[in-house]
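In what follows, a structure is listed as structure tokens, so that the remarks can point back to it.
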Amino acid sequence: MEFKKYLAVVLGCGLILSACGDGGSEGETETTEEGEASEGESSEEGSAGLETNIVTIATGGSSGPYNIIATTLAEGYSSEFDVNSRTQTTGASAENLNLLGEEKVEMAFVMSDALTQAVNGEETFSEPIENVQQVAALYPNFVQVITTEGAGIESIDDLAGKRVAVGDQNSGVEIATRSILDAHGMTYDDMEVDYLGYAEAAEAMRGGQIDAAFLTSGLPNASVMELENSVDLKIVPIEGDAVDTLSEDAEYFEALEIPADTYGNEEAVPTAAIMNALVVREDMSEDDVYELTKYLFENLDSLANSHQAAEDISLETAQERAVIDIHPGAQRYYDEQ
């Protein structure tokens, strides 16, 4: 890990914490007066370059790549278009999609599995969320199952009987966790489950309160990086027939590796990954989404400087890996390329 990339993550997290005030847990959502003011500030007149005055981006926990990358994007939108653009920390994918459906945010970072379930009204989504279209497929979220040396966990099967953090309830992490366990013929009944986000799970593992934790994010995850400074960290592989089963059941799963030296791992660790997506409300104007998409792809370097996961965002995969309809504004931008 190059020092400058690590420093970028640390600085990014610092900016986010100062922006979010108390830097609470992964599951906290900014449903404060700021959010109410956002709705009240909208006007038909719009702002320089955009019809809307507000571009709120729903992200995830304050230490996760979603929030780090989206904060840089929001700052760029504010500067470029003279709009009130900010991030909103949440429990991530499922909550973000519900916020989008309720028209409480304009954009959101989500995982492709949660997005697919949302538009189809499956799993945790009792009804289809209709007011959502995709801007782009972004970068892969790597499933990271972490434990400590001495916990007796060498494989997913070894989680049986252990205390395991599975992400915030109904989050994208938890949705992926259920899929991973199902591919191994396991359910929550086989273990003691804690619904904890990134930072909470890291703290619980540091305190010996859990044996393992599921995380899904771009690499590296800041909470895992911090955790490995205080525990003998180990990454549990996901491999073999389970990954084949996952990719056959859902095209958004793929077999990838966590590269050597991402954390303290001397060798690459096989795992499953899920593509992330940037989505918008369907009722946003074509011109606005065109401009927002154009800015995104013309400023990939600044996003990659904020977090190295953004290095994998590209025009080549933006459409190819999309799992729902692309917004007409984004499609117009792609057609011009």
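With full-length UniProt numbering, the residue at position 243 of the sequence shown is 243, and numbering never jumps. Ideal Cβ positions, reconstructed from N, Cα and C, are used throughout, including at glycine.
Cβ separation of residue i and residue j, assumed to be a contact under 8 angstroms, to the nearest whole Å
i	j	result
D335	Y139	That belief does not hold up - the Cβ atoms of D335 and Y139 are roughly 23 angstroms apart, past 8 angstroms.
Y92	V173	It is Ala, not Tyr, that sits at residue 92 in the sequence shown. Right, their Cβ atoms sit about 7 angstroms apart.
I156	I258	Actually they do not touch by this definition, with Cβ atoms about 15 angstroms apart.
Where residue i falls: helix, strand or coil (DSSP)
i	result
G40	Here the model assigns G40 a pLDDT of 36, short of 50, so the residue's position is not dependable and the matter cannot be decided.
D82	coil
L278	strand
F125	coil
V236	strand
N131	coil
I57	strand
Q209	coil
Q337	coil
N141	strand
A272	strand
L292	helix
T187	coil
R178	helix
E103	coil
S223	helix
R163	strand
V110	strand
E248	helix
L196	coil
8 angstroms Cβ shell around residue i - same chain, five flanking residues per side excluded
i	result
D288	L50, E51, T52, G329
A160	M186, D190, M191
E80	G49, Y295
E282	E130, N131, V132, Q133, H327
G46	Confidence at G46 is low in this model, with a pLDDT of 49, below 50, so its placement is unreliable and no value can be given for it.
Pair within 8 angstroms by beta-carbon distance, residue i and residue j
i	j	result
L115	V323	yes
A268	F253	no
V143	A277	no
I153	V236	yes
S314	Y198	no
E320	K234	no
S94	I175	In the sequence on display, residue 94 carries Ala and not Ser. Yes, these two residues count as a Cβ contact at 8 angstroms.
A137	T317	yes
V135	T293	yes
L205	L181	Per the sequence shown, the amino acid found at residue 205 is Met instead of Leu. Result no, Cβ atoms of M205 and L181 do not sit closer than 8 angstroms.
L300	A310	yes
Beta-carbon proximity list for residue i, same chain, < 6 angstroms, skipping 5 on both sides
i	result
A118	L97, F125, I129
A201	A165, A213
E123	Q117
Q169	Y195
A108	A58, N96, L100, V279
Y66	T59, G60, F109
Y333	Y290, T293, K294
D232	T148, E149
G121	E127, P128
A255	V243
Close-in-space but distant-in-sequence residues of the same chain around residue i (CB under 7 angstroms, 5 per side omitted)
i	result
T177	V166, G167, F214
R86	T56, A74
N141	M111, T216, S217, G218, A273, I274, N276
N229	none
V193	V164, V166
Residue i CB to nearest heavy atom of the ligand PLP below 7 angstroms
i	result
G218	The model on display carries no ligand, and the ligand PLP is accordingly not part of it.
Original post:
Would the region 217 to 227 and the region 257 to 271 be scored as touching if the rule is three or more Cβ pairs under 8 angstroms?
Top reply: Contact between the region 217 to 227 and the region 257 to 271 is present, with at least three C-beta pairs closer than 8 angstroms.
**OP:** Evaluate contact between the region 152 to 165 and the region 288 to 305, counting only Cβ atoms and requiring at least three cross-stretch pairs below 8 angstroms.
**Re:** no
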